[in-house]
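Okay, so here's the structure we're looking at.
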Amino acid sequence: MTAGPRRTLGGAVALVTVLLVLGLLAGCTGYTGSKANQVRQWASTTSVSANDGLVRQDIAAIKASLRAGQLKDVTSNCSGLVFDTGTAYGNLPTPDNTLTNELNVAYQDFANAGSSCAAARSLRSSRMTRALETIKGGLVSLDAATRRLAADGVH
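Heads up: the sequence shown runs through residues 285 to 439, numbered per our numbering.
Next comes the structure, spelled out in structure tokens:
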């Protein structure tokens, strides 16, 4: 006989949880106006430009460390790229699916490449070569996203 009220309580808890999640999701999509306006609203509540700037700085630091032949600096900067990419990824999703996809591809490339090159044991290893190629691909996507943001009035 005690099983009945427990199921009801369990059902009530599940219903409240679902309603809470739906309420939170609704709050995430509270942008209004045109798509460009929604992107500007989203950008004003995130640090997308600053975070993407940090990611670009990490990539520049990796390249400078490679030119200097400093493996420890390269692997450290690669770890920084992973960290900063994770922070940038926290801005997603955006109100624009195409922008979200471009940023997602870039951030995934940077995280994968950063993880790989952070574990490299040689500057000339195949791991490092693949990581650098992946970073190049990520930059193509990040550049496209940056142009899209600029077209929407985000600088």
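Yeah, the Cβ is synthetic: ideal placement off N, Cα and C, and Gly gets one too.
Nearest-angstrom Cα distance between T430 and Q354? By one-based count along the sequence shown, residue 430 stands at place 146. By one-based count along the sequence shown, residue 354 stands at place 70. Between T430 and Q354, the C-alpha separation is close to 30 Å.
Beta-carbon spacing of V438, V339 below 8 Å: Position 154 of the sequence shown holds residue 438. Position 55 of the sequence shown holds residue 339. Against a cut-off of 8 Å, the Cβ pair of V339 and V438 comes out as no contact.
Could you pull the start and end residues of the alpha helix (DSSP H) that R340 belongs to? As a position in the sequence shown, residue 340 is number 56, starting the count at 1. Element bounds for R340: 332 to 352.
Suppose you measure from the CA of Y373 to the CA of S409; what does that come to, to the nearest Å? On the sequence shown, residue 373 is found 89 positions in, with the first residue counted as 1. On the sequence shown, residue 409 is found 125 positions in, with the first residue counted as 1. In a straight line, the C-alpha of Y373 is about 28 Å away from that of S409.
Would you please state the rounded distance, in angstroms, between the beta carbons of K319 and P379? I believe it to be under 8 Å. Working through the sequence shown from its first residue, we reach residue 319 at position 35. Working through the sequence shown from its first residue, we reach residue 379 at position 95. So it is a contact: roughly 7 Å between Cβ atoms.
Locate the alpha helix (DSSP H) running through A404, then write down its first and last residues. Within the sequence shown, numbered from 1, the residue matching residue 404 stands at position 120. Premise fails: A404 is in no alpha helix (DSSP H) and is neither H nor E.
Classification of V358 by the beta-carbon crowding that lies within 10 angstroms, buried from 16 upward: Your numbering for residue 358 matches position 74 in the sequence shown. Buried, by the Cβ-count rule.
In its own chain, which residues sit with a C-beta less than 6 Å from the C-beta of A397, not counting the 5 before and 5 after it? For this step, residue 397 is matched to residue 113 along the sequence shown. Around A397: A415, T418, I419.
What's the call for V332, buried or exposed, on a 16-neighbour Cβ count within 10 Å? On the sequence shown, position 48 is the one that residue 332 refers to. The Cβ neighbour count for V332, taken over all protein chains shown within 10 Å, is at least 16; the residue is labelled buried.
Just the Cα atoms here: how many angstroms apart are L387 and V424? For the purposes of this step, residue 387 is identified with residue 103 of the sequence shown, where counting begins at 1. For the purposes of this step, residue 424 is identified with residue 140 of the sequence shown, where counting begins at 1. About 10 Å.
Residue of D427, R405, T382, C362 minimising C-alpha distance to A395: Start at 1 with the first residue of the sequence shown, and residue 395 comes out as number 111. Ranking the options by Cα distance to A395, first place goes to C362.
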